[in-house]
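Chains as they are written, first to last, in this note's numbering: chain A, 1 to 211; chain B, 1001 to 1412; chain C, 2001 to 2240. Ideal Cβ positions, reconstructed from N, Cα and C, are used throughout, including at glycine.
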Amino acid sequence: MTTELGMPTLGVLQTAAPHPLRLVLNWGRRYSLWVFNFGLACCAIEFIATSMARHDFIRFGVIPFAHGPRQADLMVTSGTVSDKMAPALRRLWEQMAEPKYVISFGACSNSGGPYWDSYCVTKGVDQIIPVDVYVPGCPPRPEALLQAIVKLQEKIADENLRDRYTRRAPGVGALTRGLVHGSPTGTVTVSAPSAASGQAPGSADTPRSSS
Amino acid sequence: MDTAAASEVSAAANEISRTSGPGTGGSGGRPVTVGLGAGGLATSDMVLNIGPQHPATHGVLRLRLVVDAERIVSAEPVVGYMHRGAEKLFEVRDYRQIIVLANRHDWLSAFANELGVVLATEEMLGMEVPERAVWIRTLLSEINRILSHLMFLGSYPLELGAITPVFYSFREREELQSVLEEVSGGRIHYMFNRVGGLKEDVPAGWTVRVAQALRAVRHRMPDLENILMGNEILRGRTLGVGVLPRELAAAYGVSGPIARAGGLDLDLRRDEPYLAYGELFAPGGPGRVVTRQEGDCYARLEVLLEQVQVSLDIAETCVDRLRSLGNGPVNVRLPKVLKVPAGHVYRWTENPLGINGYYLVSRGDKVPWRLKLRSASFNNVQVLSEMLPGCLLADMVSIMGSMFFVVGDVDK
Amino acid sequence: MTGRTGRRRIGIGTGLVQGLIVTAKTMLRPSHTDEYPDVRPSLPSRSRGVIGLVQENCTSCGLCARECPDWCIQIEAHKETLPAVAGGRARQRNVLDSFTIDFSLCMYCGICVEVCPFDALIWSSEFEYAEYDIVDLTHDRGRLSQWAATAPPPPPADPAAVEPKEVGAARKALERAAKKAAAPRTAPAGASPAAKKAAAAEKAAAVKKAVPVEKAVPVERQATEPPEERGTGARGEADS
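Written out as structure tokens, the structure is:
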């Protein structure tokens, strides 16, 4: 039924850029995050509060004027994702152009939160889209979102997009880490390179078929 | 779905440009198309899907509109995108845990939601709440009402295209949220009610800070009012648009500021007083019910704005009263396992958005057998299917925004 | 409602001008933006930011885990038999193996803090713990203890509030101790344990007067006795 519009792909500049150039590109990406507020529930109010004058995340270069997912670089899923809403969420995420980032804002979107035993709530938005930063709270304070944005910017600053997209290969539903704490210190490495690259070929770009 | 909708939108735009602009002044009926050449351009009904994620529908309400050119033929709100099954979850949680979940369905008026649950439970238990707790509860629920109204006073103009007012309203919200956080520890979800009273007493000096915050909000409210109500664009988009007559409101069970804007003079704080409202709404008290007769979007906005003033008055009276009250507890001692005797009770409260009802059925367990929510927004949204037909597509945004609903409250 | 803002028709443009005046006025006022990463927000001490664990107080009774609406607390413990001290019998006590709170699930209701009989869980107002991986949001007891160290003291209660149960009990105990100390005046000063106790009690009373806390137990513990003794004592009583 839908027309396949194709996803804008990363240019050669992005993938094969030498280090100094990448630094500049990352720097540019870091401070102009056009944000798409996927406001669903209570947390959306705190998201709005963050965008208002008191907390004002435009100070960080987060611009809340994206008119739709196509213009956005960053999606903030704030609130409970119900099973009925999940396809729409996935779809809008797919419509965002690369490189794109996702902040999961609040307990509901982290793991279902208060509705962990509900029959109609998706237990964590990371089941359907990859998440870059998780913000705990129910709802988190506006300052917590600001901290998450700073954290995301740090991540963007030292990332290599080629790594990012080749590493994401197995598709979002796949298991890329252990289900329980690996080490007593609680540090679990985010990427599992051997397992990930094993399944990598053929699905290197973003998965298009919605689940 | 979206790309299909987008192509439909562009088709609609084409049709709109072909029809004779806004020259469809009559109320209801089909638009008159101006014919070019032989015969008029035929317009055909088209289904337009708006939402679930759409800037014009704050939250995730979806509307299925059938439009003929730019006039809406029929509208059907499709609810359920925010359904979280709270009522089912209530059945496996004890009464303290329910409070946590209950305040989340209408996230703008968390305190009022908690209140309904504990009032119903207290009635079942035949429990007497200490006077001090009653007054603190009244104060907090009025502050919560102001918070909720301020949110809509900011977001409604935003939907109409005015970005500035929301900054003013959030400034006041932050002011009030900080005093609420100081007393309860939460900015949105307070979790401050308990069966039999409140979690704990207020911190020292809090009443002074509340009074200060209320004064500051009252002092700055004229700014918000000036920026909003005189504005020609806002008046142009809201005056006479989306009239919700009294009878229709009553028929659909619409309540709260929306119904009162159309002359349905119903306010549970006065008509069936709970907490300390009996005294506050008595003659000579600060409470009064704000009504309008016109029932259009502008009247709904006016009611909201004036209710903020009334709530400020009530809250200030509560603060004064709280200061003059003697020492006293704010809660009663509960048994270790709170079991509510078998039976059922229906309690309703005047939430910021309208009447919220709680039907509590207990079979003597520590969890309710059923706790049914009657949420205000659900009814307020249903009436859209009556109000929207005959309106222009462009007015849809201003009508829907002025219905002041919270999607979580619609879907529960 | 003022007539200015009513339904009455007003001159063209006056509304816009009115709004612009408000904007201009606001422009001249200082902004109220919080410079968050540079300036830390001053949060009220009741603010529910993160839950801290005072490990010494935890008897691993599991009340918090059972009462949590989200089941986000996980406790593992084993029993340990303490050798009998002279004249006593062997006692058993629980030893905490692991205590984790999954903050990705936690709904910050505070029920666990409320039900904890030994005040092992306390609220801290810290909020900066967003993570790249959701697994890291499950905080183990080491991390939870770090949060406990950041917990602010509870605010003094309103003068009109009734005295909390703990404070009342502590006050009565102090009065009793003071009476006891006052009775044997003839005993050599400083040598008798009763006098020592009374001095400690006075100190505690002074502390309490300064901070009329609701949860007086931890504060009092610090003021009067070394923490280990009291802690194990309470635990022993609870277990036996």
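Chain A within 9 Å of residue i, Cβ atoms only
i	result
V1100 of chain B	yes
W1369 of chain B	no
V2050 of chain C	yes
I2134 of chain C	yes
F2103 of chain C	yes
G1085 of chain B	yes
E1350 of chain B	no
M2107 of chain C	yes
K1199 of chain B	no
Segment limits, beta strand (DSSP E) that includes residue i
i	result
S82 of chain A	Where S82 of chain A is concerned, there is no enclosing beta strand (DSSP E), given that its DSSP letter is neither H nor E.
W2123 of chain C	L2121 to S2124
I1314 of chain B	Not the beta strand (DSSP E): I1314 of chain B falls in the alpha helix (DSSP H), residues C1297 to S1324.
A2169 of chain C	That residue, A2169 of chain C, is in no beta strand (DSSP E); its alpha helix (DSSP H) goes K2165 to A2182.
P1077 of chain B	R1071 to V1078
V2050 of chain C	V2050 to L2053
A2161 of chain C	Taken as a continuous stretch (DSSP letters only), A2161 of chain C belongs to no beta strand (DSSP E), as it is neither H nor E.
L1275 of chain B	Here L1275 of chain B belongs to no beta strand (DSSP E), and DSSP marks it neither H nor E.
L1065 of chain B	R1062 to D1068
Y134 of chain A	V133 to V135
Same chain, Cβ closer than 6 Å to residue i, neighbours up to 5 away in sequence not counted
i	result
A144 of chain A	V135 and G137
L92 of chain A	P69
C1318 of chain B	W1135, T1138 and L1139
R1145 of chain B	S1311 and P1352
Cβ shell of residue i (< 8 Å), same chain only, five flanking positions each side left out
i	result
Y115 of chain A	T80, C108 and V121
S32 of chain A	G61, I63 and D73
S2098 of chain C	Q2074, I2075, E2076, D2140 and R2141
C-beta neighbour in chain C for residue i, strict 9 Å
i	result
P184 of chain A	Here P184 of chain A scores only 41 on pLDDT, less than 50, and its place in the model should not be relied on; the value that follows carries that caveat. True, the Cβ-Cβ gap to chain C drops below 9 Å.
N1193 of chain B	no
V172 of chain A	Any reading at V172 of chain A must be qualified, since the residue scores a pLDDT of 49, below 50, and its modelled position is unreliable; no value is offered.
D158 of chain A	no
Q1097 of chain B	yes
Chain-order list of residues whose beta-carbon lies under 7 Å from that of residue i (same chain, five-residue window excluded)
i	result
V1202 of chain B	I1136 and V1183
D2034 of chain C	P2041
S2126 of chain C	Looking at the sequence shown, residue 2126 of chain C is not Ser but Glu. These residues qualify, in order along the chain: G2049, V2050, W2147 and T2150.
F105 of chain A	C43, F47, V76, T77, S78, V135, P140 and L145
Coarse secondary structure for residue i, derived from DSSP in three states
i	result
Q2092 of chain C	strand
M75 of chain A	strand
W34 of chain A	strand
I1258 of chain B	helix
N1331 of chain B	coil
E1350 of chain B	strand
S1184 of chain B	helix
E2080 of chain C	strand
S1375 of chain B	coil
M1046 of chain B	strand
E98 of chain A	coil
I1355 of chain B	strand
Element boundaries [alpha helix (DSSP H), containing residue i]
i	result
T1291 of chain B	It is not in any alpha helix (DSSP H) - T1291 of chain B carries neither H nor E in the DSSP assignment.
P1157 of chain B	E1131 to L1160
P2030 of chain C	It is not in any alpha helix (DSSP H) - P2030 of chain C carries neither H nor E in the DSSP assignment.
R2141 of chain C	R2141 to A2149
V1337 of chain B	No alpha helix (DSSP H) holds V1337 of chain B; DSSP gives it neither H nor E.
L1224 of chain B	W1206 to M1229
S109 of chain A	A107 to S111
Minimum Cβ-Cβ distance from residue i to chain B less than 9 Å
i	result
G124 of chain A	no
L2174 of chain C	no
D117 of chain A	yes
S2124 of chain C	no
L1952 of chain C	A question about residue 1952 of chain C goes unanswered here, because the residues of chain C that appear run from 2001 up to 2240.
A2148 of chain C	no
G2142 of chain C	no
V2167 of chain C	no
G2062 of chain C	no
Beta carbon proximity, residue i to chain F, threshold 9 Å
i	result
K100 of chain A	Here chain F cannot be found, since the structure's protein chains are A, B and C.
Proximity test, residue i beta-carbon vs the ligand NAD heavy atom, cut-off 8 Å
i	result
R1292 of chain B	As presented, the structure is devoid of all ligands, the ligand NAD included, so that no description of it is given.
Check your understanding: According to a CB-to-CB cut-off of less than 9 Å, which residues of the segment 2025-2040 of chain C neighbour chain A?
Key -> Cβ contacts with chain A: S2031, H2032, T2033, D2034, E2035, Y2036, P2037 and R2040.
**Study point:** Residues of the segment 47-75 of chain A with Cβ closer than 8 Å to any Cβ of chain B, in chain order
**Key:** Those residues of the segment 47-75 of chain A placed with their C-beta closer than 8 Å to a C-beta in chain B are I48, A49, M52, A53, R54 and H67, ordered along the chain.
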